[in-house]
Structures are given as C-alpha cells and as structure tokens.
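Here the structure comes first, spelled out in structure tokens, and everything after it is commentary.
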Amino acid sequence: MQRYSLPLSPEGTIQSIWCTGLPGAGKTFVFSTIVDYITSKEGRGHWKADLKIGVAYIYCSYNDQRAQTLDAVLSSVIQQLISLCPTPSQTSDPLLKRALAFQEYHKRHSPATSDYIQLLKDVVVDHSGSNTRATLISVLLNLPIQLLVTSRQLESIRDLFPSTLELPIRPDRRDIQSYIKWRISDPVYGSRKLLRLTESHESLQDHIINEILLKYSQIFNLVRLQMDHIRDLSTVGELRAALSALPMREEDFYGQSIMRIRDNSAQRERAMNVLSWVLRARRPMKLHEIIHAVAILPDRSSVTSNLNFVPPLEDLVDSCEGLALINHESETMTFAYPTIEGYLETTSHSSFDIDPEITISQACLTYLLFEEMKDLTTRSIFDNESSKYPLLDYSSTHWSTHVHRKPEQVYIEIIMRLLHQHSRSGSVLPGLRDPDYEDLLWYD
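Residue numbers (our numbering): -2 to 441.
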C-alpha cells in the first residue's frame, strides 16, 4: 500500500478514506497497524498539543453478522469515546456528564438505536469543535470526523462512499520476500527442513521466493498457506514439484490441511474435536476450557478421572495442521484465518468424521453428569465451586442450545439421566430448567 499522510484534525482536507483489497490481501493487518500507531505515544506526538482527539475503531466479521447490530456497533464506539473522558467528579462539562450518565444508566437498561445515534452526534459534534451498514456509514459520513474504512472492493459498499478517496491495499513484494525468508530461517517459527535444504542448495531460496511471488503476490494469506504447505517437505524434488503446481485457492490449501489431519491417525480424533469446538461453540472457548473439553469421552465419570486425559495445549495446535491457533491476547483458540470458518461450515459433511454439534452436546452432557456436579445443591455452592471445574460454566449454560440443533433421539437417554440425577440431588445447575426438557423428568 502506498504511504499516505492523513492529518488528524477536524479541519483535515481529507475526511474519509476507503481502502480496498482482495480477501487475504492484508486489510485487517493494515487497519490494526494504523490503529496501533495513532493510539501509541509516538503517533500522538504528531497531534497538536491543544487538540483533543478521540479514536474509536470497529472490527467486523462476515461470519458473525447477527451479533454486529447497529446498536452493538454504536455502543462500542460510544464506549471507546467515553473511556477517554474524565470521571463525572472531575469534569464540569455538561455533555461529558450526560455521556457518562448514559453509560451508567444503560448498564441496567437497553437504549434505543436513536439514543445511540443522538448521543454519538452530540459527543462528536460538540467535542470536535465544529439497523444497517448503510445507516451506520451515513451517520458517520455526516459527522465532522475523519473516517478510515477497509473492506473488499464491492459495488454495494462503493455506493456508500460516493466522494471518498479510494486506496488499494496489496502486499508489497519486499514484505513477501521478508516473510518467506522468516518462515524458512526463524529459530522459532521457521522450518528446519527448509533451512537445511536452502543452505545446501545455493539458489533454492531464490527459487522459492520467485515461484511464490509469481503465483500469490496479490494475496498475502495465500503466501502464508503456501509456506504451511511446503514447510515439512524434506527433498528438493518434493519442494520443486509443490512449487511448480498450479496456483491454489484458499479452500484448496484448507482441504489439504484436512487431508493431513485425516492421515495422522494418532492425532485425527483430537484435531476434529478441537475444530468442532472452535467452529460451533456459542462463544470463544478459553484455553483452559478447550483442553478439558477435548478430553471428555462418554465413559468418563468424574472431573478427576478426566484430568488424566487432558492434553498439552501445544499438541492441540499442532494436531490442527495450521487451521487453528492460540490468541494469546484473549487467551482463546481461534481459526488461523477467518475464511477457515466459512470453509468448514460449507464442507462440514465432508471435512469432519464426526458431527460437531453432537460432539459438543455429548461433551457438555457428560461433564454435567460427573460425580462432582451432584454436590452443587445451592446457588452459593455453585458460585464458589464453579471455578474448580473448567467446563462447568459453558456446559451448564449452553448444553440445551446445542441439543436443540439435532434430533432429540440422539440425546434422549443421556438427557434423562442428567435431569433425574440432578433432580434427586437438588442441583442448581443453570440450564436444567429448560421447559422443553422438564417433562422428561416424568418420562417412563
């Protein structure tokens, strides 16, 4: 992407920029780099000393559109702007007091969309000195702010920015070259096999770089996937054959990862289990949750017995052949790239040996049948003890949601056992009072 300087001021000559790129070109990376810079001490050093600038940003996911309502997006923007303000006791500004009061009030009440929009307008207009994507963009473009948007180059989005400066995002060839060298020689993230081959064959590294640039110079993610594909090759012949093959799409690389998982009999079941949880869990799974989740089998009877089968976290990542990774910031396991989720959704019948929903449902139900759960007979005991059991919160909250997605016959026996067991023990586990299943207490 070309270098471009955007003055940070309400009077800036350029009010909005739309950066477009192909899927996998690096749009999210560029956007996050810009956000990190302008919110850093170095970036703020370029602002006018007397200028108060608020920075707010939103990352949208194509696969999570239901959660990205206009209300949720506006709420996030307002929350970020309010967080830059002093506390009510430290400010005499009526608008800031109103914004902070708005935040406090709506911790207990749900505001209307119009409330968000009006407050956003008031906050931005007064402090800068001067139920859809279209609505959001329209609101933002009519405010005295400077706006940066990154997206794919779609006509439906272009229509929302009739007079906005458009800049392309595409990988720089030098960045790709540096990345390939790093994937070969880095002590931690490099490949010992590739390093050994390139050190013993003088022109091989240049050949790798040139072949990858020839096929994938526009899409950085494909460069990453190509390096994943060749990292474990151990002969020059295998390497040259892989590089000379026809260019592949993302789904081709993902399909090859699935094939490698299938071929690894020792790790196959574990990898499928991990991918099932990452794909279908109702919320991102924390690392301490997922290592316990994938260890559960129907014949386990207690949390204690299950502990003996909890695998090392690194083994889970390695078993997924590059499809999943650890997000250290959120301490969750996620897909290595957003398009993997879409690929697995559309190919789940052919990609998985197991049914992800049944896998998760049975794990949740089995966990709730563990011996230790019988002792959670009061709410206070549940609250005090739940931290000891990593999968208790998720299982008790979401088991019925997963069960609803499949025919009840699959689970009828285990659900009956669960309901009768906890009915006799007086358990207070959340989720056991699902009206759709209470009748099973009297099932004969």
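Here a beta-carbon is modelled for each residue, glycine too, at the ideal position from N, C-alpha and C.
Through-space distance from residue j to residue i, alpha-carbon basis
i, j, result
"residue 72", "residue 260", "47 angstroms"
"residue 137", "residue 158", "11 angstroms"
"residue 171", "residue 222", "18 angstroms"
"residue 342", "residue 39", "42 angstroms"
"residue 312", "residue 265", "12 angstroms"
"residue 132", "residue 57", "15 angstroms"
"residue 314", "residue 20", "24 angstroms"
"residue 346", "residue 340", "11 angstroms"
"residue 25", "residue 33", "12 angstroms"
"residue 250", "residue 165", "25 angstroms"
"residue 225", "residue 153", "34 angstroms"
"residue 331", "residue 348", "18 angstroms"
"residue 308", "residue 144", "46 angstroms"
"residue 442", "residue 248", "As displayed, the chain neither begins before -2 nor continues past 441, which places residue 442 out of reach and without an answer."
"residue 155", "residue 317", "37 angstroms"
"residue 402", "residue 269", "19 angstroms"
"residue 279", "residue 319", "22 angstroms"
"residue 85", "residue 263", "Reliability of the predicted coordinates at residue 85 is poor, the pLDDT of 49 falling under 50, and no value is obtained from them."
"residue 443", "residue 80", "Given that the chain is displayed from residue -2 to residue 441, the structure contains no residue 443 and the question cannot be resolved."
"residue 418", "residue 386", "18 angstroms"
"residue 189", "residue 236", "14 angstroms"
"residue 37", "residue 70", "23 angstroms"
"residue 75", "residue 28", "20 angstroms"
"residue 177", "residue 258", "24 angstroms"
"residue 124", "residue 196", "For residue 124, the predicted structure reports a pLDDT of 35, less than 50, and the residue's modelled location is therefore unreliable. A value from the coordinates is still provided. About 59 angstroms."
"residue 31", "residue 54", "11 angstroms"
"residue 187", "residue 327", "25 angstroms"
"residue 398", "residue 416", "16 angstroms"
"residue 238", "residue 325", "36 angstroms"
Cutoff 7 angstroms; reference residue i; Cβ partners in own chain excluding five residues on either side
i, result
"residue 390", "383"
"residue 210", "170, 173"
"residue 150", "17"
"residue 329", "281, 282, 283, 284"
"residue 396", "358, 361, 362, 365, 428"
"residue 163", "15, 17"
"residue 181", "187, 188, 191, 192, 195, 202"
Given residue i as reference, the closest of the options once Cα atoms are compared
i, options, result
"residue 173", "301, 147, 214", "214"
"residue 206", "216, 190, 240", "240"
"residue 286", "364, 155, 183", "364"
"residue 338", "321, 27, 328, 26", "321"
"residue 231", "395, 191, 146", "191"
"residue 368", "350, 216, 297", "297"
"residue 50", "29, 78, 216, 397", "78"
"residue 175", "373, 139, 203, 325", "203"
"residue 216", "351, 400, 334, 385", "334"
"residue 246", "273, 23, 212, 29", "212"
"residue 147", "22, 398, 408, 350", "22"
"residue 243", "208, 351, 257", "208"
"residue 336", "371, 178, 183, 252", "252"
"residue 451", "184, 371, 351, 181", "Limits of the chain in this structure are -2 at one end and 441 at the other, which puts residue 451 out of reach."
"residue 219", "167, 183, 184", "167"
"residue 350", "271, 227, 196", "271"
"residue 183", "373, 228, 141", "228"
Same chain only: Cβ atoms within 8 angstroms of residue i, ignoring 5 sequence neighbours per side
i, result
"residue 448", "Since the displayed the chain opens at -2 and closes at 441, residue 448 lies outside it and no answer follows."
"residue 299", "367, 368, 369"
"residue 388", "286, 289, 290, 293, 360, 361, 364"
"residue 310", "284, 288, 323"
"residue 267", "291, 308, 312, 313, 316"
"residue 179", "186, 187"
Beta-carbon contacts of residue i that lie in its chain and below 6 angstroms, excluding the five residues immediately before and after
i, result
"residue 436", "Residue placement at residue 436 cannot be trusted, given a pLDDT of 47 that sits under 50; what the coordinates show is reported in the next sentence. Excluding sequence neighbours, residue 436 sits near nothing in its chain."
"residue 161", "13, 15"
"residue 276", "341, 353"
"residue 400", "358, 408"
"residue 134", "157"
"residue 274", "282, 287, 290"
"residue 411", "362"
Residue i - partner residues in DSSP beta bridges
i, result
"residue 330", "323"
"residue 15", "146, 163"
"residue 283", "329"
For this session: Answer yes if the stretch 358 to 365 comes into contact with the stretch 291 to 304, meaning at least three C-beta pairs across the two stretches below 8 angstroms, and no otherwise.
Result: yes
For this session: Examine the Cβ distances between the stretch 298 to 317 and the stretch 345 to 357 and report whether three or more of them are shorter than 8 angstroms.
Result: With a cut-off of 8 angstroms on Cβ pairs, the stretch 298 to 317 is not in contact with the stretch 345 to 357, counting fewer than three such pairs.
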